[in-house]
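Just below is one structure, and these are the notes that go with it.
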């Protein structure tokens, strides 16, 4: 563990703007008083928000950015405004070393494009991937990637995602040799696309990788604790993640209907409130907020646009953990290890 | 509505074999005494099961099949055994007109391959699709297809799936102009693969189709009642369906843990039992059992391998409804309609 990091915050991203982002920083500071921040955005909007939270002003510098990236901005438009927008300047602070990580709740496509252009991908990585931690019934959370950064992926991409996902699980959860699987529509070797079959063959053969590769896993086993890292293309990952969110909400809505269907059910609901609270805590996406772009020369964390201050605090916590456990160095070591074993071809060569 | 149909049952498929399939038929007969069955499989195993259910013997003929398709049989191996297996003979009964539909809980890949070879796809359809009805918060269930029959799909396939899915919703739920959407990772026109974008453009332009095409939908909105039919490729559909199953089970497991975490919670649980029962009824996959291969010259229903007798009854109910509402004729009419409007190119031409 190094010293507590300085974190760049895009204070203008997200559905609720500076109020929620600044309150998230205040919660993070209360949790870890050694943290410090640079808050990027409209100074006149940020300053009063900072003033609401005792002690925050001393730990948070405000860096004015005249413009904001909107949810409608296309990535190609966004990258032209890297030097004037809160998002672009937060990323630049990571590049210059002024901050050790950046957190933004803004437009994902723009964040990806601007981060890639400013920070570049690590040597040996063709494309960065977006990874998140999901709740699981096992002893630890589940790392799922890619979540939408890459709509279509080839074999090399999938293998590189596996290497980066394993490094993430080691850094964020301290698992020495994470159990890695590829998401597929069956577990037999002949199932799925050619890209999946080839990626499985390469990962199975590369026994020098710091992971336990266990083949394929089906989507009904996602949260069962049978894998630490599950790898898929960005299209499928986005579908799986959003299906989880939608189904959890669907069940919660059914529960609400069921519990308000009769006086007796209402009474039962009131009595079981502590249990329901426990459930809500477990399912609240804010408690798993903070997805990471893996494979860049720098740590960029994406907070959900609709996250609460608690969710923003969580995303800042993800950034802290990855800085103090040196995620970038771990991925770089793995890539060196691969080059040593497969200098010309094969895995991620 | 025509007369009650005769249904061919592959009595050997599924995890529990003849006992559950035969009990499912008995339940269906109790629900609709006009039904009759042909049960295909090992006569010595089926006969004692039939004898357990009063009145079933009079409505169910047993047709001996010496062999069974196993879960491990590859489709290419299965099709060579069409004349000796319970699955192959049940399909043949639909082809010959001896039965109006077949229900099997066996190996999906084998069922698809054998059905396609025996019944052939309808003119204008390149590939059949597997469609299921899912629970929704709207007024009716949701038709989701393809669920794994086609791992990779092109624009033509997706457009044809939309046409067949709409016909299915009309036949099974009586919706005159079903709201149809394509599953995607965003709702903006520029999102997703080229196949999805092209399919959306074709469906939007083809205003003569008997559906309301509403563009894209994201996976977190699947069960919200915003669409009657959602179309996707078989890989993505399989991932989405299994993610729904897995998440529902995940939440149920969390609930169980939460409700047994303290005496107070247990008491609350007991009081709310009717509400929990309602929830279980809604989420039990047996209540939505019975997926249909659309686009074949004949009705083949796939029952889940792990379905209970109640689930098998449900799958038989799906077959009954599609026979009495003449699904095949409806799809054929839609295809004729398309040929009339776009005789050389365009939608499903």
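Residue numbers (full-length UniProt numbering), protein chains in the order written: chain U, 1 to 349; chain X, 1 to 349.
Note that the Cβ used here is the ideal one computed from N, Cα and C, for glycine as well.
Remember, predicted model here, so these are calculated numbers, not experimental data.
| query | result |
| --- | --- |
| Name the chain U residues whose beta carbon is nearer than 7 Å to that of residue 137 (chain X)? | 250 and 253 |
| Counting only runs of 3+ residues fully inside the stretch 33–95 of chain U, write out the beta strand (DSSP E) ranges in chain order. | 36–41 and 60–64 |
| Assuming residue 239 (chain X) is part of the alpha helix (DSSP H), what are its boundary residues? | 234–259 |
| Please name the residue in U:171, U:221, U:149 and U:164 whose C-alpha comes closest to that of residue 184 (chain U). | U:221 |
| Reducing DSSP to helix, strand and coil, say where residue 222 (chain U) ends up. | coil |
| For residue 90 (chain U), I'd like the list of residues in its chain whose CB is within less than 7 Å of its CB, leaving aside the five on either flank, ordered along the chain. | 8, 9, 10, 40, 102 and 104 |
| Just mark residue 32 (chain U) as buried or exposed, buried being the case when its beta carbon has 16 or more other beta carbons within 10 Å. | exposed |
| Which value, in whole angstroms, describes the spacing of the CA atoms of residue 298 (chain X) and residue 327 (chain X)? | 9 Å |
| By the 7 Å beta-carbon criterion, what residues does the stretch 114–144 of chain X contribute toward chain U? | 137 |
| Just confirm the distance between the C-beta atoms of residue 142 (chain U) and residue 217 (chain U), as a whole number of angstroms; I'd bet it's less than 8 Å. | Not confirmed; about 10 Å, so no contact. |
| State the Cα-Cα distance for the pair residue 178 (chain U) and residue 309 (chain X), rounded to the nearest angstrom. | 41 Å |
| When you compare only the Cα positions, how much space is there between residue 281 (chain U) and residue 260 (chain X)? | 17 Å |
| Do the CB positions of residue 181 (chain U) and residue 219 (chain U) come within less than 8 Å of each other? | no |
| Please report the straight-line C-alpha distance between residue 86 (chain U) and residue 152 (chain U), rounded to a whole angstrom. | 30 Å |
| Could you check if residue 77 (chain X) is buried or exposed, using at least 16 other CB atoms within 10 Å of its CB as the buried criterion? | exposed |
| Which same chain residues, not among the five before or five after residue 13 (chain U), have their C-beta less than 6 Å away from its C-beta? | 104, 105 and 106 |
| Which stretch, first to last residue, makes up the alpha helix (DSSP H) that contains residue 214 (chain U)? | Note, residue 214 (chain U): premise wrong, no alpha helix (DSSP H); beta strand (DSSP E) at 212–217. |
| Compare the C-alpha of residue 237 (chain U) against each of X:186, X:51, X:283 and X:225 and name the closest. | X:186 |
| Can you have a look at residue 320 (chain X) and say buried or exposed, based on whether 16 or more other CB atoms are within 10 angstroms of its CB? | buried |
| Are the Cβ atoms of residue 171 (chain X) and residue 322 (chain X) separated by less than 8 Å? | yes |
| Since residue 133 (chain X) is in the beta strand (DSSP E), which residue starts that stretch and which ends it? | 129–134 |
| Per DSSP, which residues does residue 175 (chain U) bridge with? Please list them. | Residue 175 (chain U) pairs with nothing; no bridge assigned. |
| Would the beta-carbon of residue 159 (chain X) fall within 8 Å of that of residue 199 (chain X)? | yes |
| Based on the DSSP secondary-structure assignment, which residues constitute the bridge partners of residue 350 (chain X)? | In this structure chain X extends from 1 to 349, so residue 350 (chain X) is not present and cannot be described. |
| Would you call the stretch 242–252 of chain U and the stretch 243–257 of chain X in contact, with 3 or more CB pairs under 8 Å? | yes |
| Tell me, please, whether the stretch 130–146 of chain X touches the stretch 332–340 of chain X by the rule of three or more beta-carbon pairs shorter than 8 Å. | no |
| In its own chain, which residues sit with a C-beta less than 7 Å from the C-beta of residue 161 (chain U), not counting the 5 before and 5 after it? | 129, 145, 146 and 231 |
| Can you name the residues that DSSP bridges to residue 10 (chain U)? | U:40 and U:104 |
| What are the partner residues of residue 293 (chain U), as DSSP defines its beta bridges? | U:130 |
| Chain X partners of residue 242 (chain U), CB-CB under 7 Å? | 218, 219 and 220 |
| What does residue 183 (chain X) reach in chain U if we use C-beta pairs closer than 9 Å? | 239 |
| Taking the straight line between their C-alpha atoms, what separation do you get for residue 79 (chain U) and residue 315 (chain U)? | 23 Å |
| Is the beta carbon of residue 156 (chain U) closer than 8 Å to that of residue 176 (chain U)? | no |
| Return the CA-CA distance between residue 332 (chain U) and residue 97 (chain U), expressed in angstroms with no decimal places. | 18 Å |
| Ends of the beta strand (DSSP E) at residue 185 (chain X)? | Unbroken run through residue 185 (chain X): none, as it is neither H nor E. |
| Can you list, in chain order, the residues of the stretch 85–99 of chain U whose Cβ is nearer than 7 Å to any Cβ on chain X? | none |
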